[in-house]
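Here our numbering runs 780 ahead of the position in the sequence shown, where the first position is 1. So the structure is just underneath, and the comments pick up after that.
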Amino acid sequence: MTIFRPCIDLHAGQVKQIDPSSLTHALTNPPPAASSADSSLKENYVSHLPASYYAQLYHDAELRGGHVIKLGPGNDDAAREALGTWPGGLQVGGGIDEGIARGWVEAGAEKVIITSYLFPSARFSLERLKAVLAALGGDREKLVVDVSCKQVQGKWVVAMDKWTRLTDMEVNQDSIHVLAPFCSELLIHAADKEGLQRGIDNELVACLGTWCRSVPAEYQPFAITYAGGGRSIEDLENVKRLSGGLVDLTIGSALDIFGGKGVRFEDCVKWNRRQETKTGPERLD
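The following block contains the structure:
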């Protein structure tokens, strides 16, 4: 069943919603402290509340499977604070590799999200994926692969380094079948839609539903979370319809808890409760 997945995006230790088109390499190579502000960064929302507030909010609403994303350095303490508020209830991503993956699980992450590390020189490395899985004791239930993408000539190409650099991997049925034996879930931001509140990528969502259904039975249930362009509660219904209920949706900038006007957090919680009533609580356990 399609459910709403919450998020906590961290930048410089604060909870923010950022226009991804303004993300640059300055996030991973910040200027000296005396001039630490990145003037090119467009912030849709900056919260005065700590990450732990949102973690508690999601805990109280029983919204499992949300992701904490560290956008650059200076976010580890805030991420640990969120994970400590709800141990086992949130995923964490941003700068994860095999050397620190287990440490984040021990800090309380339900799962770790691996992103650009899998693409040295923008080329997919199966060896690195296997190394991260091995660091997690071979437990694919602890691993999420982020294959956020941009549309290029009718194909969806994985983008890395804050979505500024295209890789050699397309998001399609073949690549999902390559990844499925090593992870339990995919996180996919449609970079062309993210942060703009102009609607989801209907075609991508429909394809993701088809490709998720095609994952071999031995790797099911296999989860996919889509993010990008969500702007109303109706988008949850659209994702459910387009994907056959196999893809979940993250809504960020449009949410009232992040200063948005399109979607009330309370309505997303109610949506999840309705799905639970209709089809049972399997995805929320």
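Note that beta-carbon positions come from the ideal geometry of N, C-alpha and C, so glycine has one too.
Inter-residue CB distance, residue i and residue j (contact presumed, cutoff 8 angstroms)
i, j, result
"residue 1033", "residue 871", "The pair is not a contact, with the Cβ atoms about 20 angstroms apart (cut-off 8 angstroms)."
"residue 899", "residue 944", "Contact flag wrong, Cβ pair sits at about 12 angstroms."
"residue 1016", "residue 1051", "5 angstroms"
Residue i versus residue j: straight-line alpha-carbon distance, rounded
i, j, result
"residue 840", "residue 868", "14 angstroms"
"residue 1006", "residue 916", "24 angstroms"
"residue 825", "residue 856", "20 angstroms"
"residue 832", "residue 890", "16 angstroms"
"residue 927", "residue 1055", "26 angstroms"
"residue 904", "residue 939", "11 angstroms"
"residue 791", "residue 1053", "31 angstroms"
Proximity below 8 angstroms, CB of residue i to CB of residue j
i, j, result
"residue 892", "residue 923", "yes"
"residue 787", "residue 847", "yes"
"residue 838", "residue 866", "yes"
"residue 978", "residue 1011", "yes"
"residue 969", "residue 934", "no"
"residue 1003", "residue 965", "yes"
"residue 959", "residue 937", "no"
"residue 849", "residue 876", "no"
"residue 991", "residue 1018", "no"
Reduced DSSP secondary structure (H/G/I, E/B, other) of residue i
i, result
"residue 929", "strand"
"residue 807", "Note that residue 807 has pLDDT 45, beneath the 50 cutoff, so the model's placement of it is unreliable and no number is given."
"residue 896", "helix"
"residue 987", "helix"
"residue 836", "helix"
"residue 980", "coil"
"residue 785", "strand"
"residue 863", "helix"
"residue 842", "coil"
"residue 1018", "helix"
"residue 883", "helix"
"residue 847", "strand"
"residue 878", "coil"
"residue 1058", "helix"
Identity of the residues DSSP links to residue i by a beta bridge
i, result
"residue 760", "Any answer about residue 760 is impossible in this case: the structure gives the chain only from 781 up to 1065."
"residue 1067", "In this structure the chain extends from 781 to 1065, so residue 1067 is not present and cannot be described."
"residue 965", "924 and 1003"
"residue 753", "Past the edges of the chain, shown from 781 to 1065, lies residue 753, and the structure says nothing about it."
is_contact[residue i, chain E] using C-beta, thresh 8 angstroms
i, result
"residue 900", "No chain E is part of this structure, which consists of one protein chain only."
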